[in-house]
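**Q** In UniProt numbering, the protein residues as written are 1 to 762.
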């Protein structure tokens with residue numbers, strides 16, 4: 001390293017170089033798939049901006065076998081004429097320079113949702129290649145790029161009567177660790193967009209498998225349909241959804257809401273179709289306006305007894321499902337990620353609109369109001385009955401809560417930013433954890449007794465749970481209307497449960513509690529899940545722990561990679577051998593729940609990314625089998641492999657439709673990368689290598705933290721944990737309802753859909 005700090009040390013990143021140097025600043029995490037999918041959203045958001053301006057009705061997103069994706073719309077088409085200031089076409093300026101685009105001028109877009117005008121150029125910079133096709137002015141223009149640099153200038157390739165833009169790109173695998181698009185992830189966002197932009201059609205075409213699938217997202221019901229969609233797993237208290245629309249100067253409000261029998265609020269807030277996870281001024285306006293409207297209606301129409309009950313915002317919003325969307329010119333956000341709206345004028349506009357419209361709706365629907373008001377009053381009564389929350393607050397002010405002091409093993413550090421709280425199940429694990437902790441910064445709270453399922457319990461019943469009240473006191477935040485995230489005593493709250501099924505169940509119950517009642521702890525990044533070791537490995541007198549099946553596999557592959565293995569004339573060793581085996585392991589997990597014939601097709605090199613062909617792939621399969629007792633039959637989507645064993649026919653059938661486009665793309669990538677090396681079934685080769693690596697190892701599987709001594713616990717589970725994040729709040733809400741709610745049928749459907757991903761505790 002050169003320690004000289006001079007003018008020569010200053011590096012100037014020109015054009016899009018800064019994007020490739022620090023991609024996470026512009027597109028999000030490039031390792032966990034978030035940034036990869038955000039690439040698509042950036043381009044789609046540009047098409048949505050055209051829709052908001054009234055020029056686009058159709059958006060087509062296509063996924064291809066090579067891992068690329070295209071987004072096509074029927075908007076006006078990106079301008080292709082010469083940009084006077086930059087001396088190049090406007091299209092090239094937009095695609096190669098940050099902060100260039102039409103959304104900076106309100107003459108072009110009154111409202112827009114893109115990421116500060118950087119979206120398209122960032123996608124270009126982070127793509128291995130990009131091809132842009134523009135239909136505008138009677139001509140079709142194309143332009144090509146490579147990692148953000150123009151490789152083929154814009155030119156006319158034909159005539160057309162259509163208008164619009166198509167952007168086709170391949171994410172750069174040197175930037176993104178994972179380059180496989182998940183169809184479900186894209187579908188969730190497109191479903192949101194069509195609800196927020198009624199009349200716009202978004203079509204998702206998956207061309208990665210032999211059977212091309214096409215999903216159309218279209219809705220004309222707007223936010224009302226969105227609320228129906230979010231509330232379909234809940235029992236509504238009233239049939240007609242409240243629909244609020246209000247226009248103002250450079251601002252428009254669309255809001256739909258309904259009350260349900262749930263105990264929890266489910267509200268989503270959007271600005272120019274972009275979601276705000278942290279809310280903002282529109283959220284504050286909605287809550288204030290709704291509370292005022294209910295209080296006023298109760299004052300004018302409630303009985304004298306009802307009028308004496310103090311109604312709070314939490315009471316009003318219990319069980320509510322709501323979607324609020326505003327379109328506003330030049331919105332202001334707290335950060336570039338737009339997760340919190342800070343435009344001050346929005347609050348008063350939203351508050352007044354909600355107050356007026358909800359009040360009018362209650363006046364026009366008095367019978368429905370008679371159903372909703374008792375629900376709100378019951379919530380208030382339950383809150384009053386749950387005075388334990390306020391008692392906790394008073395105890396915390398004096399620093400005394402003797403029940404918690406008995407159970408909590410605290411730490412000497414008083415700065416919350418440096419403190420960690422481990423939540424463990426029972427006294428056995430609690431005793432080990434207390435001995436293992438760093439007493440300066442780590443506290444341990446054993447949770448005794450049954451953890452309550454808060455999804456099925458009201459607020460007052462929840463506070464009758466000793467484990468829950470102990471946890472609330474230890475955290476210091478209080479709960480409900482008294483909740484204050486700034487009073488939290490620990491900036492790392494770590495759930496540490498056993499690795500067995502019971503431990504996972506307790507983990508699910510605690511996650512549900514935090515999601516429903518202490519979500520700001522998750523939003524601030526304070527909640528973590530410990531990763532206790534599942535295996536102990538003894539080798540040559542030494543003992544180590546590994547976290548899970550993947551870590552165990554990685555450890556064994558490290559041993560294997562020190563050896564040499566041959567595949568025909570090819571010698572594999574070191575990192576190349578390990579990478580090959582790791583890729584086989586990933587493929588093996590895909591094949592785990594699939595028919596045996598799929599493994600044979602893989603070994604024969606059938607999944608090469610090309611369409612299945614009777615002559616080419618059929619003869620390749622026969623050559624691989626090298627046995628005239630086999631016969632192969634094809635149909636459009638089905639392969640039938642028959643084996644004649646001394647007159648007895650055994651049949652193996654594979655339906656191409658039974659495998660997802662994502663998995664088919666992974667098999668294709670694996671085949672194209674390694675098929676020149678293997679001379680035998682890759683799975684058999686993997687099993688042989690792993691068996692070699694396991695020789696001399698004694699592997700023990702653990703289920704309880706109490707089985708580990710304090711020293712080992714300190715160096716494993718208490719140092720290894722993952723942060724809890726919520727990417728899609730509506731999806732998280734659905735999972736909580738399905739897994740922890742009242743409906744047995746929804747739970748059965750969820751289990752059937754996800755059974756293939758289960759890791760059985762044996």
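Cβ coordinates follow ideal geometry from the N, Cα and C atoms, glycine included.
From residue 330 to residue 212, what distance separates their C-alpha atoms?
**A** Going from the Cα of residue 330 to the Cα of residue 212 covers about 41 Å.
**Q** Per DSSP, what kind of secondary structure is residue 565 in: helix, strand or coil?
**A** It is a strand residue.
**Q** Just list the beta strand (DSSP E) runs in the stretch 207-287, keeping only unbroken ones of 3 residues or longer that don't cross its boundaries, in chain order.
**A** Entirely contained in the stretch 207-287, the beta strand (DSSP E) runs reaching 3 residues are, in chain order, 213-217, 242-248, 251-259 and 266-271.
**Q** With C-beta atoms as the reference, is residue 527 less than 8 Å away from residue 493?
**A** Taking 8 Å as the Cβ cut-off, residue 527 and residue 493 qualify as a contacting pair.
**Q** I'd like to check one pair, residue 229 with residue 270: are the Cβ atoms closer than 8 Å?
**A** Contact: no.
**Q** Give a yes or no on whether the C-beta atoms belonging to residue 510 and residue 451 are separated by under 8 Å.
**A** Yes.
**Q** Closest to residue 242 by C-alpha separation, out of 559, 206 and 354, would be which residue?
**A** Taking only the C-alpha atoms, the option nearest residue 242 is 354.
**Q** Ignoring anything shorter than 3 residues, give me the beta strand (DSSP E) runs that lie fully in the stretch 489-547, in order along the chain.
**A** Correct list: 492-496, 527-530, 535-539 and 542-546.
**Q** Output the distance between the C-alpha atoms of residue 599 and residue 591, rounded to the nearest integer angstrom.
**A** Near 7 Å, if we compare the C-alpha coordinates of residue 591 and residue 599.
**Q** Give the DSSP-derived three-state secondary structure of residue 58 in the structure shown.
**A** Of the three classes helix, strand and coil, the one that applies to residue 58 here is strand, per DSSP.
**Q** Out of 53, 317, 747 and 294, point me to the one whose CA is closest to residue 370's CA.
**A** The residue with the shortest Cα to Cα distance from residue 370 is 294.
**Q** State the DSSP-derived secondary structure class of residue 724, mapped to helix, strand or coil.
**A** Three-state DSSP puts residue 724 in coil, outside helix and strand.
**Q** Taking three-plus beta-carbon pairs below 8 Å as touching, is the stretch 689-700 in contact with the stretch 416-430?
**A** Touching, no.
**Q** Following the continuous alpha helix (DSSP H) through residue 361, name the residue where it begins and the one where it ends.
**A** Where residue 361 is concerned, the enclosing alpha helix (DSSP H) stretches over 344-364.
**Q** Could you tell me if residue 721 is buried or exposed, where buried requires 16 or more neighbouring beta carbons within 10 angstroms of its beta carbon?
**A** Under this definition residue 721 is a buried residue.
**Q** Give me the DSSP bridge partner(s) of residue 585.
**A** None, per the DSSP bridge assignment.
**Q** What are the boundary residues of the beta strand (DSSP E) that residue 784 is part of?
**A** An answer regarding residue 784 cannot be provided, because it is not within the stretch 1 to 762 covered by the chain.
**Q** If residue 280 and residue 342 are in contact, beta carbons under 8 Å, what's the gap, nearest whole angstrom?
**A** Contact flag correct, Cβ pair sits at about 6 Å.
**Q** Check for me: the beta strand (DSSP E) holding residue 167 runs from which residue to which?
**A** That run of the beta strand (DSSP E) goes 164-171.
**Q** Quick one: residues in its chain with C-beta nearer than 6 Å to the C-beta of residue 542, no 5 flanking neighbours on either side, listed in chain order?
**A** Here the set comprises nothing.
**Q** Compute the Euclidean distance between the alpha carbons of residue 689 and residue 547, then round it to the nearest angstrom.
**A** One C-alpha to the other measures close to 21 Å.
**Q** Any idea what DSSP makes of residue 811, helix, strand or coil?
**A** For residue 811 there is no data in the structure shown, the boundaries of the chain being 1 and 762.
**Q** Around the C-beta of residue 525, are 16 or more other C-beta atoms found within 10 angstroms, so that it is buried, or is it exposed?
**A** Per the 10 Å Cβ criterion, exposed.
**Q** Residue 159 bridges to which residues according to DSSP?
**A** Answer by DSSP bridge pairing, in chain order: 139.
**Q** Pairing CB atoms from the stretch 735-755 with CB atoms from the stretch 225-239, are three or more of them under 8 Å?
**A** Contact holds: three or more Cβ-Cβ distances are below 8 Å.
**Q** DSSP beta-bridge partners for residue 201?
**A** Its beta-bridge partners are 58.
**Q** Return the bridge partner residues of residue 570 from the DSSP annotation.
**A** In the DSSP output, where bridge partners are listed per residue, residue 570 has 567.
**Q** List the whole-angstrom C-beta distance separating residue 71 from residue 47, where the pair is believed to meet the contact cut-off of C-beta under 8 Å.
**A** Between residue 47 and residue 71 the Cβ distance is about 7 Å, and since that is below 8 Å, they are a contact.
**Q** Please report the Cβ distance between residue 171 and residue 39, rounded to the nearest whole angstrom; I am assuming they are in contact, meaning their Cβ atoms lie under 8 Å.
**A** With a Cβ gap of about 6 Å, residue 171 and residue 39 count as contacting.
**Q** Closest to residue 200 by C-alpha separation, out of 222, 210, 662 and 717, would be which residue?
**A** It is 222 whose Cα lies nearest to the Cα of residue 200.
**Q** Apart from the five residues just before and just after residue 288, which ones in its own chain have a Cβ nearer than 6 Å to its Cβ?
**A** Here the set comprises 351.
**Q** Would you mind sorting residue 156 into buried or exposed? The rule is 16 or more other CB atoms within 10 Å of its CB.
**A** Label assigned to residue 156: exposed.
**Q** Among residues of its own chain, excluding the 5 on either side of residue 189, which ones have a beta-carbon nearer than 7 Å to its beta-carbon?
**A** Closer than 7 Å at the Cβ level, and outside the excluded window around residue 189, lie 41.
**Q** What are the boundary residues of the beta strand (DSSP E) that residue 607 is part of?
**A** Per DSSP, residue 607 belongs to no beta strand (DSSP E) and is neither H nor E.
**Q** Should residue 255 go down as buried or exposed, given a rule of 16 or more other Cβ atoms within 10 Å for buried?
**A** With 16 or more Cβ atoms within 10 Å of its Cβ, residue 255 is classed as buried.
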